[in-house]
Amino acid sequence: MGVVGCGLMGSGIVEVCARAGCEVTYVEPTQELVEAGRARIERSVNKAVEHGKIERADAPVVLGRISGATELGALAGCDLVIEAATEDLEAKLDVFRGLGAVTPPEVVLASNTSSIPIVELATATGRPELVIGMHFFNPPPVMKLLELIPAITTSQETLAFAQAFGERLGKTTVIAKDHAGFIVNRLLVPFLNDAARLFDEGLATREDIDAAIFFGLRHPMGPLALMDLVGIDTCVHVADVLFEEFGDVRYKAPQVLRRMVAAGQLGRKTGRGFYEYD
10 MGVVGCGLMG SGIVEVCARA GCEVTYVEPT QELVEAGRAR IERSVNKAVE HGKIERADAP
70 VVLGRISGAT ELGALAGCDL VIEAATEDLE AKLDVFRGLG AVTPPEVVLA SNTSSIPIVE
130 LATATGRPEL VIGMHFFNPP PVMKLLELIP AITTSQETLA FAQAFGERLG KTTVIAKDHA
190 GFIVNRLLVP FLNDAARLFD EGLATREDID AAIFFGLRHP MGPLALMDLV GIDTCVHVAD
250 VLFEEFGDVR YKAPQVLRRM VAAGQLGRKT GRGFYEYD
């Protein structure tokens with residue numbers, strides 16, 4: 010199988026699939042990014058060994074199933090390709106046009122988008138019946154949920170294939186209609202936006218906002234820490250897609266998030282967001 014993009018989400022998807030026994034080729038636009046993706050995967054696999062999730066002897070086997078490339082043509086022999094590029098419609102459309110050209114016509118193409126309607130991507134491929142959303146959650150090796158989003162063009166066979174593949178990866182699959190945000194982000198984005206507004210208004214410290222949710226609602230982390238993990242820029246992109254589709258002010262990204270993006274304070278990946286990181 011193939012994965013387009015080996016950043017935060019893409020590298021996790023590559024690892025999950027390799028741990029499930031798949032031979033995986035991932036694609037990044039430059040050799041430098043290919044090597045960075047490989048290093049990210051190796052760090053994660055080594056951490057899994059340290060935590061007892063993978064036997065030490067199995068780690069080189071898992072890593073041996075993974076290869077990187079800089080051209081989409083390297084995915085021509087795949088049976089399934091998952092796109093995990095940046096959360097931007099035009100960027101994803103470029104990927105799907107390219108995949109439609111270089112992969113055989115029977116190959117299933119999936120998107121890991123967290124918000125963009127699948128039908129817009131499907132129609133760019135020339136095989137809309139074989140395109141589906143497969144939305145993993147961060148970090149993919151840990152999170153058990155996989156949202157499946159069939160477009161109105163997606164065949165029942167493609168949906169059944171995606172469900173079976175999700176089960177092979179050990180995921181719990183849920184199915185959502187092809188509406189922006191699907192299940193989780195339709196519910197999550199207003200919550201995150203409100204948390205950012207509370208912080209910006211000075212209602213409480215970042216620590217107390219997160220502690221209230223961690224201890225009061227038993228979430229695994231507070232909303233500000235979660236936005237840092239996801240990436241502030243990604244949060245804004247997703248909110249913009251939802252606001253454009255539904256026009257509901259609950260989905261409109263608050264100005265504090267836009268200011269953070271302008272300042273390059275994107276969360277963990279840049280070392281600073283609502284919190285500071287080494």
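Just add 9 to wherever you are in the sequence shown, counting from 1, and you've got the numbering used here.
Ideal Cβ positions, reconstructed from N, Cα and C, are used throughout, including at glycine.
What you are looking at is a predicted structure, and each value in this text was computed from that prediction instead of being measured.
In this structure, how does DSSP classify His228 when only helix, strand and coil are distinguished?
Mapped onto the sequence shown, residue 228 falls at position 219. Coil.
His246 in three-state terms, based on DSSP
By one-based count along the sequence shown, residue 246 stands at place 237. Here His246 sits in helix by DSSP.
My understanding is that Val36 touches Thr79, with C-beta atoms under 8 Å, so please give their C-beta distance in whole angstroms.
Within the sequence shown, the letter at position 27 stands for residue 36. Within the sequence shown, the letter at position 70 stands for residue 79. Contact flag correct, Cβ pair sits at about 7 Å.
Suppose you measure from the CA of Ala204 to the CA of Ala66; what does that come to, to the nearest Å?
Position 195 of the sequence shown, counted from the first residue, corresponds to residue 204. Position 57 of the sequence shown, counted from the first residue, corresponds to residue 66. The straight-line gap from Cα to Cα measures roughly 44 Å.
Environment of Arg28 [buried if 16+ CB atoms lie within 10 Å]:
Within the sequence shown, residue 28 is the residue found at index 19, counting from 1. It is buried - the Cβ of Arg28 has at least 16 other Cβ atoms within 10 Å.
Is the segment 154-166 touching the segment 181-200 in the sense that three or more CB pairs, one from each, lie closer than 8 Å?
yes
Using the Cα positions of Asn121 and Phe224, report the straight-line distance between them to the nearest angstrom.
The residue given as residue 121 occupies position 112 in the sequence shown. The residue given as residue 224 occupies position 215 in the sequence shown. One C-alpha to the other measures close to 31 Å.
Would you decide whether Val60 is buried or exposed? Buried here means 16 or more other CB atoms lie within 10 Å of its CB.
The residue you call residue 60 lines up with position 51 of the sequence shown. It is worth fixing the name first, because residue 60 is His in this sequence and not Val. When all chains shown are included, His60 counts as exposed.
Let me check one thing: in DSSP terms, what residues is Val140 bridge-paired to?
Translated into positions along the sequence shown, residue 140 becomes position 131. Note: Val140 sits in a beta bridge opposite Leu118.
Alpha helix (DSSP H) runs contained entirely in the segment 16-73, provided each spans 4 or more residues:
17-28, 40-59 and 68-73
Can you look up Ile192 in the DSSP assignment and give me helix, strand or coil?
Counting from one through the sequence shown, the residue named residue 192 turns up at place 183. Three-state DSSP puts Ile192 in coil, outside helix and strand.
If you run the structure through DSSP and keep just helix, strand and coil, what is Val8?
Coverage of the chain is limited to positions 10 through 287, which leaves residue 8 absent and any answer about it impossible.
Using the Cα positions of Cys15 and Phe208, report the straight-line distance between them to the nearest angstrom.
Walking along the sequence shown from the start, residue 15 turns up at place 6. Walking along the sequence shown from the start, residue 208 turns up at place 199. Distance between the alpha carbons of Cys15 and Phe208: 32 Å.
Same chain, Cβ closer than 7 Å to Asp237, neighbours up to 5 away in sequence not counted:
The residue labelled residue 237 in the question sits at position 228 within the sequence shown. Counting only Cβ-Cβ distances below 7 Å, and skipping sequence neighbours, we find Gly276, Arg277, Gly282, Phe283 and Tyr284.
Assigned exposure category for Leu266 - 16 Cβ within 10 Å defines buried
What you label residue 266 is simply residue 257 of the sequence shown in a count that begins at 1. Buried, by the Cβ-count rule.
Alpha-carbon spacing of Lys153 relative to Met269, whole angstroms
Within the sequence shown, the letter at position 144 stands for residue 153. Within the sequence shown, the letter at position 260 stands for residue 269. Cα to Cα, the separation comes out at about 30 Å.
Using 8 Å as the limit for Cβ to Cβ distance, is Lys62 near chain C?
Absent from the structure is chain C; it holds one protein chain and no more.
Buried or exposed for Thr181, please, with buried defined as at least 16 other CB atoms from any protein chain shown within 10 angstroms of its CB.
Position 172 of the sequence shown, counted from the start, is the residue given in the question as residue 181. Per the 10 Å Cβ criterion, exposed.
Since Thr79 is in the alpha helix (DSSP H), which residue starts that stretch and which ends it?
Here residue 79 refers to the residue found at position 70 of the sequence shown. Where Thr79 is concerned, there is no enclosing alpha helix (DSSP H), given that its DSSP letter is neither H nor E.
In DSSP terms, what Leu154 is bridged to:
As a working mapping, residue 154 is identified with position 145 in the sequence shown. Leu154 pairs with Thr181.
I need the straight-line Cα distance from Gly77 to Pro114, nearest angstrom please.
For the purposes of this step, residue 77 is taken as the residue at position 68 of the sequence shown. For the purposes of this step, residue 114 is taken as the residue at position 105 of the sequence shown. Looking at the two C-alpha atoms, the distance is approximately 23 Å.
DSSP state of Phe145, grouped into three classes?
For the purposes of this step, residue 145 is identified with residue 136 of the sequence shown, where counting begins at 1. Looking at Phe145 - three-state DSSP - the assignment turns out to be strand.
Within the same chain, show all residues whose beta-carbon is closer than 8 Å to that of Thr167, passing over the 5 residues directly before and after it, in chain order.
As a working note, residue 167 is residue 158 in the sequence shown. Excluding sequence neighbours, Thr167 sits near Val117, Glu138, Leu139, Val140, Ile141 and Pro159.
If you draw a straight line from the alpha carbon of Leu130 to that of Phe191, how long is it in whole angstroms?
To locate residue 130, count along the sequence shown from 1; it is residue 121. To locate residue 191, count along the sequence shown from 1; it is residue 182. Distance between the alpha carbons of Leu130 and Phe191: 15 Å.
With contact counted as at least three CB pairs below 8 Å, one residue from each stretch, are the segment 47-63 and the segment 99-110 in contact?
no
Can you have a look at Ala272 and say buried or exposed, based on whether 16 or more other CB atoms are within 10 angstroms of its CB?
Residue numbering aside, residue 272 sits at position 263 when the sequence shown is read from its first letter. With fewer than 16 Cβ atoms within 10 Å of its Cβ, Ala272 is classed as exposed.
If I'm right that Pro150 touches Val25 with Cβ under 8 Å, what's the distance once you round it to whole angstroms?
For this step, residue 150 is matched to residue 141 along the sequence shown. For this step, residue 25 is matched to residue 16 along the sequence shown. Their Cβ separation, rounded to whole angstroms, is 6 Å, which keeps Pro150 and Val25 in contact under 8 Å.
Would Ala119 pass as a contact of Ala57 if the rule is Cβ separation under 8 Å?
Position 110 of the sequence shown holds residue 119. Position 48 of the sequence shown holds residue 57. For Ala119 and Ala57, no; Cβs fall outside 8 Å.
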